[in-house]
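> One structure follows; several queries about it will come next.
In this note's numbering, the protein residues as written are 6 to 71.
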(Lines of atoms letter the chains of each structure in order from A; the text may use other names.)
(Lines give C-alpha, C1' and ligand atoms only; values in the text may rest on other atoms or scores of the structure.)
Protein backbone atom coordinates (compact mmCIF):
# COMPACT_ATOMS: atom_id res chain seq x y z
CA UNK A 6 0.00 0.00 0.00
CA UNK A 7 1.07 3.55 -0.68
CA UNK A 8 1.72 5.87 2.22
CA UNK A 9 0.28 9.36 1.97
CA UNK A 10 2.96 11.99 1.79
CA UNK A 11 2.87 14.60 4.50
CA UNK A 12 2.29 18.05 3.06
CA UNK A 13 4.88 20.74 3.63
CA UNK A 14 3.98 23.78 5.70
CA UNK A 15 4.08 25.88 2.55
CA UNK A 16 1.68 23.56 0.69
CA UNK A 17 -0.73 23.39 3.64
CA UNK A 18 -0.74 27.20 3.97
CA UNK A 19 -1.41 27.66 0.23
CA UNK A 20 -4.32 25.21 0.40
CA UNK A 21 -5.83 27.00 3.41
CA UNK A 22 -5.58 30.37 1.65
CA UNK A 23 -7.08 28.98 -1.56
CA UNK A 24 -9.92 27.39 0.43
CA UNK A 25 -10.79 30.75 2.00
CA UNK A 26 -10.64 32.70 -1.28
CA UNK A 27 -12.36 30.28 -3.66
CA UNK A 28 -14.29 27.02 -3.91
CA UNK A 29 -11.11 24.96 -3.51
CA UNK A 30 -11.69 21.75 -1.54
CA UNK A 31 -8.50 19.80 -0.72
CA UNK A 32 -10.44 16.51 -0.59
CA UNK A 33 -11.35 16.68 -4.29
CA UNK A 34 -8.95 19.24 -5.81
CA UNK A 35 -5.22 19.44 -6.52
CA UNK A 36 -3.63 22.86 -6.16
CA UNK A 37 -1.54 24.08 -9.10
CA UNK A 38 2.16 24.83 -8.81
CA UNK A 39 1.73 28.60 -8.84
CA UNK A 40 -1.02 30.87 -7.64
CA UNK A 41 -4.41 29.52 -6.64
CA UNK A 42 -5.26 27.53 -9.77
CA UNK A 43 -6.65 24.08 -9.10
CA UNK A 44 -8.12 21.06 -10.87
CA UNK A 45 -9.96 17.89 -9.94
CA UNK A 46 -7.87 15.06 -8.50
CA UNK A 47 -7.16 12.10 -10.76
CA UNK A 48 -9.67 9.33 -10.42
CA UNK A 49 -12.23 11.42 -8.48
CA UNK A 50 -15.79 10.29 -9.20
CA UNK A 51 -18.27 13.13 -8.56
CA UNK A 52 -21.63 12.39 -7.01
CA UNK A 53 -24.77 13.19 -9.08
CA UNK A 54 -25.79 16.01 -6.71
CA UNK A 55 -22.41 17.68 -7.26
CA UNK A 56 -23.07 17.79 -11.01
CA UNK A 57 -26.62 19.13 -10.70
CA UNK A 58 -25.61 22.81 -10.74
CA UNK A 59 -27.51 23.66 -7.56
CA UNK A 60 -24.50 25.63 -6.29
CA UNK A 61 -24.44 27.97 -9.27
CA UNK A 62 -25.31 31.61 -8.55
CA UNK A 63 -28.10 31.83 -11.12
CA UNK A 64 -31.66 32.50 -9.95
CA UNK A 65 -34.32 30.45 -11.73
CA UNK A 66 -37.13 32.93 -10.92
CA UNK A 67 -35.36 35.72 -12.80
CA UNK A 68 -35.09 33.53 -15.91
CA UNK A 69 -38.84 32.74 -15.88
CA UNK A 70 -39.87 36.43 -15.90
CA UNK A 71 -38.49 36.97 -19.39
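Just so you know, even glycine gets a beta-carbon here, dropped at the ideal spot from N, CA and C.
Kindly indicate if chain D contains any beta-carbon less than 8 Å away from that of residue 51.
Of the protein chains in this structure there is only one, and it is not chain D.
> I'd like the span of the beta strand (DSSP E) that includes residue 28, first residue to last.
Within the chain shown, residue 28 is the residue found at index 23, counting from 1. Careful: residue 28 lies outside any beta strand (DSSP E) and carries neither H nor E.
> Should residue 19 and residue 36 be called a contact, given that it needs their Cβ atoms to be closer than 8 Å?
Counted from its first residue, the chain shown places residue 19 at position 14. Counted from its first residue, the chain shown places residue 36 at position 31. Contact flag set, yes.
> Could you check the C-alpha separation between residue 49 and residue 34 for me, to the nearest Å?
Counted from its first residue, the chain shown places residue 49 at position 44. Counted from its first residue, the chain shown places residue 34 at position 29. Answer to the nearest angstrom: the Cα atoms are 9 Å apart.
> Measuring CA to CA, which of 28, 42, 15 and 40 is closest to residue 62?
The residue you call residue 62 lines up with position 57 of the chain shown. Measuring from the Cα of residue 62, the nearest candidate turns out to be 28.
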